[in-house]
Amino acid sequence: MEILVISHKYPPSIGGMQTHCFKLIQELEKNHTIHPVIWKSNYPRGLFFLTVIFRVLIRLKRNPQIKCIYVNDGLMALICTPLLFLTSVPMYVTIHGLDVTFPSKFYQGWIRKYLNQYHKIITVSGPTTDLCLKKGVKPEKLTLIENAVDINFQEEPENPNFRSEFGHEIGANLEGKFLICSLGRAIPRKGFNWFTRNVYPSLPENAVYLVIARKFPQEKLFRWIQRLTPGRLFEKIRLLVGAEIDDTAVNDSIREMKLEGRVFYLSQFTHSRAKIFEIIKHCDLFVMPNIEVPGDYEGFGLVALEAASQGTLTLAANVDGIPSAVKNGINGYLIEGGNASEWSLKIRYFMDHPEELKASAQEFKTNTMTKGRSWDTMARRYAEVFSETPEPN
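Sequential numbering of the sequence shown, starting at 529, is according to my numbering.
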């Protein structure tokens, strides 16, 4: 089967949606022909949005055997709306969460009128499915395929010199420290700045917090837009394009609270997945401290599974679609989102009980690897859904 894939969420940018798209294509390519029309952060995203329809039509003309068009998220589906009328090739889309909660009357109207014209709408979690139904998506259009985790990766051995070597890289003494890390896009709902300001100060001084998130390349442009735009409108723009501008907030908090040498914003390592997972593997805890943000939504929480698969104990906020990924006491622990004292108590408990931390981390790793859905299984399910469509006219 020949499949055309459209996405603006793809490495080197980091995040669950980027990983989802990369792994899905990687697995589908083993048995199918993939025609990618993908933005890889190597030129302005706006230019990609302006040209994507034209590029897709050219691909379809040159490759008449393409059986279906797959769009990787709701925003891309909005931009690709003209294709619903310009081609008879059936179109599919994955909805991750924010792409149905975006607070815009125009966008919500588009969901009701045009999203339902996609052949199938794939959701990544039960809560995301429920959101789609509440927003007017027809039940018969929905198919749930939960995200996967890499259970077949080549595990690297632990590096006994990691703390000294990595400490030298970031200019810190990490020997004897309790390492806590987070990974993801620097946006408010991820809770990196909230954790830095509200949880970290209550932890013992030997705790070190590592935030692995890239520096937003268009930050200066967005700060200029922010100065000229009313607050509510700017927030909608930020949500729409996923602008990762919380890096400034985290770094400002580090300076204001004099946390230099204890909290680190590590944008320099986001280009390498191998390096990212090496860091996570050698940390004591992985935290996903999401908070509820109106109009924004965490559809699944893939990074929590990735951390658990590395043998690092995961604590995640019990908000949005995260409980679809993190099963409390099975592959991680869920903590009330926004409850700083509960977060602090749980972290301090594991700092005081290292043997229990180690045992839980190993148990949760085993559960993740044996009970989790592999990317291969997920991709086969996508292929089954794609193959259900009738041949285009």
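We treat Cβ as the ideally placed atom computed from N, Cα and C, and that holds for glycine. Given the structure is predicted, the values throughout are model-derived calculations rather than measurements.
First through last residue of the beta strand (DSSP E) which encompasses residue i
i	result
Thr757	Where Thr757 is concerned, there is no enclosing beta strand (DSSP E), given that its DSSP letter is neither H nor E.
His563	Thr561 to Ile566
Tyr598	Ile594 to Val599
Lys648	Lys648 to Thr651
Limits of the alpha helix (DSSP H) - the one that residue i falls within
i	result
Val913	Trp903 to Ser915
Leu603	Gly602 to Ile607
Met545	Gly544 to Leu556
Ser837	Leu830 to Ser837
Glu883	Pro882 to Lys899
Val584	Arg573 to Arg590
Anticipated Cβ contact below 8 Å, residue i with residue j, distance rounded
i	j	result
Lys568	Tyr598	Their Cβ separation, rounded to whole angstroms, is 17 Å, which puts Lys568 and Tyr598 out of contact at 8 Å.
Cys596	Pro564	Contact doesn't hold; Cβ gap of about 14 Å is too wide.
Asn895	Ile863	Not confirmed; about 18 Å, so no contact.
Leu614	Leu585	7 Å
Burial state of residue i (16 or more Cβ within 10 Å)
i	result
Leu756	exposed
His881	exposed
Tyr877	exposed
Ile649	buried
Pro667	exposed
Asp775	buried
Leu841	buried
Arg760	exposed
Pro655	buried
Arg590	exposed
Cut-off 8 Å between Cβ atoms - residues of its own chain near residue i, not counting five sequence neighbours on either side
i	result
Phe797	Ile740, Lys803, Ile804 and Ile807
Arg901	Glu674, Asn675, Ala676 and Val677
Leu873	none
Neighbourhood of residue i by C-beta distance below 6 Å, restricted to the same chain and skipping five residues each side
i	result
Tyr571	none
Ile607	Phe577
Tyr934	This structure cannot speak to residue 934, because the chain is shown only from 529 to 921.
Same chain only: Cβ atoms within 7 Å of residue i, ignoring 5 sequence neighbours per side
i	result
Gln890	Gly839
Thr622	Asn600, Asp601, Ile650 and Val652
Arg717	Asn818, Ile819, Val821, Asp824 and Glu826
Gln593	Glu530
Distance cut-off 7 Å: residue i Cβ against heavy atoms of the ligand FAD
i	result
Tyr793	This structure lacks the ligand FAD; in fact it carries no ligand of any kind.
Q. How do the region 808-821 and the region 780-793 stand: do at least 3 beta-carbon pairs fall below 8 Å, yes or no?
A. no
Q. Does the region 860-877 come close enough to the region 725-732 to have 3 or more Cβ pairs within less than 8 Å?
A. yes
Q. Contact between the region 552-561 and the region 638-650: three or more CB pairs below 8 Å?
A. no
Q: Tell me, please, whether the region 613-630 touches the region 655-666 by the rule of three or more beta-carbon pairs shorter than 8 Å.
A: yes
Q. Would you call the region 705-715 and the region 851-863 in contact, with 3 or more CB pairs under 8 Å?
A. no
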